[in-house]
Amino acid sequence: MTGTPLDLALLLLWGTVVGLDLVSVPQGLLARPLVAASIAGWLVGDPVAGMRVGALLELFALDVLPVGASRYPEYGPAAVGAALLAAHQPWSVGVGAGGSLGLVMAALGGWSLQRLRKANARLVQTNAAALTTGMPATIRRLQWTGLRRDAFRAVVVTSASLALALAGRNWLQVADVPGRLLTAALVGAGVAAALTGAWRSAGHGRRLRWLAAGVVVGALAGLFL
Amino acid sequence: MKGRTRALARLLAVQGVWSYERMLGIGMGYAAEPLLHDLQSIDPGRHAEATIRSAEFFNSHPYLAGLAVGAASRAEYDGVPGEQIRRFRTALCGPLGALGDQVFWAGLVPGIMAFALVAIALGVGGSGLLVAVVGYNAIRLAVTVWGLRTGLATGLQVGTAISASWLPRAASRIGAPAGFLVGAALALIAAWFLVPLGSAGFGVAGITAVLGVALARWGGTKFTSLRFGLMTVGLTLLWMRFAPWP
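Order-wise, the sequence lines are chains A and B.
To convert, note that position 204 of the first sequence is 220 in the numbering used here; the numbers rise steadily by one, no gaps.
To convert, note that position 117 of the second sequence is 274 in the numbering used here; the numbers rise steadily by one, no gaps.
Spelled out as structure tokens, the structure:
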């Protein structure tokens, strides 16, 4: 069901869109792991698996505050590969395995963003003289070059993510992995990540009290799940 | 002044060539180009100078960049001296960055994603996520339209317009509901994952979470959440490989 050439082509296209969305265009939440993985899961016929692994990675992404020139992981294309790995597996195994792949790829994606930013800086430097002439065509060319480079970067990162997911699927088939432990440990790490991020944003004021109230209400509601 | 629709579309890609050197600068110049086009027939020299200025260093929250693009373009048509426009652009960087980060990156984005997580945990599923994404993008687009319009309408007075707008109020009010939603989502999504895994799952997740929070709070800046996650994966895989497993 998964891993057909058509599936992979659609996932590659989606991963590229997701990769572009994070910084370049249009920054419309498509790069959030919950969104990226849910759509990827739907594309390979298992939206629930995509949603589950996306929810796990979203906990990690909630810790990220992409302000100014800060460096951060890229969870979007990583989540696409994670969804492919988790699809059509028992969720207790698939979420842990997909989440692990997602974290590794998020680190690589973040590194690729830094490389792109440095490459963009070199591009602007080499065109510094042309930019002082006031020709709009120079600005247009730089803009489109930047977008093309980011699209290429997203293709490469998504391809790597999908290749690792396919390799991981073969491994999951031959290994008797007690995946519950990995899933539970990653949920714990994800909760720690999201809580740390929320705590940092909340500071010591009113927002911290609201955060605590939310945890209490959520825990009470969780008793009825 | 023509080209507003094209400028608006280009503002969606204002970070298309983000770099450490000019940050949003080139994207700002790209977005301003349709707005400055008419200046070419009025005063070609001024148009060239305005084009150069439009692509110089600029940094702000990307959703609010339209305020600066619109205001600076209006100032170019109003014949404001170039150096004054440069200083004006520089002065806008800080407030537009701080307000945007507070409202969107630290408020609306975590709040909306937490809403989607709550919806999923409560069994609403994909429709909750769809509402979140569509709702967010409607707000994002509306803010971009508002920013460009306000900038074009007020020019150098855009600072006053921002102060009197919804933006500072939103920045001070969005934190509490976002914090509440994130807190609720955390607890609910943890239960959603862990209830089917039983008490062993709760135990493993609880120990990992406590360790993770402790390291993040008191372990220094090296312990990012991603590194802790990768460390968790590594240690768990090692445990699974070498420990006796029932």
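Using N, Cα and C, we set each Cβ at its ideal position, and we do this for glycine too.
Here B:W396 has no same chain residue with a Cβ atom under 7 Å from its own Cβ, once five neighbours each way along the sequence are excluded. Residues of the same chain with a CB within less than 8 Å of the CB of A:G162, apart from the 5 flanking positions on each side, are S40, N136, L139 in chain order. A check of alpha carbon separations from A:V120 across B:R384, B:A188, B:Y234, B:A232 identifies B:R384 as the nearest.
Residues of the region 286-318 of chain B whose Cβ lies closer than 9 Å to any Cβ of chain A, in chain order: L286, A289, V290, Y293, N294, R297, L298.
Excluding its 5 nearest sequence neighbours in each direction, B:Q197 has C-beta neighbours in its own chain below 8 Å: H204, listed in chain order. DSSP places B:M185 within a helical segment (H, G or I) once states are collapsed to three. With fewer than 16 neighbouring CB atoms inside 10 Å of its own CB, B:G355 falls in the exposed class. When beta bridges are read from the DSSP output, B:F215 appears opposite B:M180. Taken in chain order, the members of the region 56-71 of chain A whose beta-carbon sits within less than 7 Å of a beta-carbon on chain B are P63, M67, A71. B:A344 and A:L101 have their C-alpha atoms spaced approximately 26 Å apart. Note that the C-beta distance between B:P219 and B:V291 is not below 7 Å. For the options B:V266, B:L279, B:E233, B:I296, the alpha carbon positioned closest to that of B:I209 is the one of B:E233. Taking a contact to require three or more Cβ pairs closer than 8 Å, the region 167-181 of chain B and the region 221-238 of chain B qualify as touching.
In the structure shown, the three-state DSSP call for B:Q314 is helix. Each residue's CA atom was taken as its position, placing A:Q43 and B:A400 some 44 Å apart. Taking 8 Å as the cut-off between beta carbons, the residues of the region 334-354 of chain B near chain A are P334, A335, G336, F337, L338, V339, G340, A341, A342, L343, A344, L345, I346, A347, A348, W349, F350, L351, V352, P353, L354, in sequence order. The beta carbon of A:S175 sits closer than 7 Å to those of L28, all from its chain and outside the five residues before and after it, given in chain order. For A:M121, the uninterrupted alpha helix (DSSP H) run begins and ends at 107-142, by DSSP. Here DSSP, grouped into helix, strand and coil, assigns B:R297 to helix.
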